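To keep things clear, I will list the structure first and then write my remarks on it.
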Amino acid sequence: MTDDTDARRRDDLERELERSLADAEDTVALLRRELASRRTHRLQHAEIDRLAEHLANSRVRWHEVRVFFEEAFREVAHDGSEAGDGSGSDAGRHPGHA
26 MTDDTDARRR DDLERELERS LADAEDTVAL LRRELASRRT HRLQHAEIDR
76 LAEHLANSRV RWHEVRVFFE EAFREVAHDG SEAGDGSGSD AGRHPGHA
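Heads up: the sequence shown runs through residues 26 to 123, numbered per the numbering used here.
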């Protein structure tokens, strides 16, 4: 009977160790998720802290977009006035359009 009792105790101990190991692995996974979440949160806050810089950069870009459209509108207006005078400077660009 002693051998059976010892075998049961070993089996019980192994099961308990397996449960403890599984719990530890679950805890490690939970801690890794929490750490990743905190890192993401910290990076998001760093970007929020740089919001003024991002907005300043976007203002510069919007100014460039506005300048681009102003130039494009001037070119379109200029091309339209040349087409109206019959000079035909744009005649080869748009086949099928008189």
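Glycine is no exception: its CB is placed at the ideal position from the N, C-alpha and C atoms. None of these values were measured; they are calculated from a predicted model.
Check	Outcome
Own chain, CB closer than 8 Å to Arg-63, minus 5 neighbours either side, in chain order	none
Where Arg-75 sits in the DSSP three-state scheme	coil
C-alpha distance - Asp-29 paired with Asp-36, whole-angstrom precision	10 Å
Any non-hydrogen atom of the ligand GDP within 6 Å of Glu-50 CB	Judged by which ligands are present, the structure shown has none, so any question about the ligand GDP falls away.
Alpha carbon of Phe-98 to alpha carbon of Arg-91, nearest angstrom	11 Å
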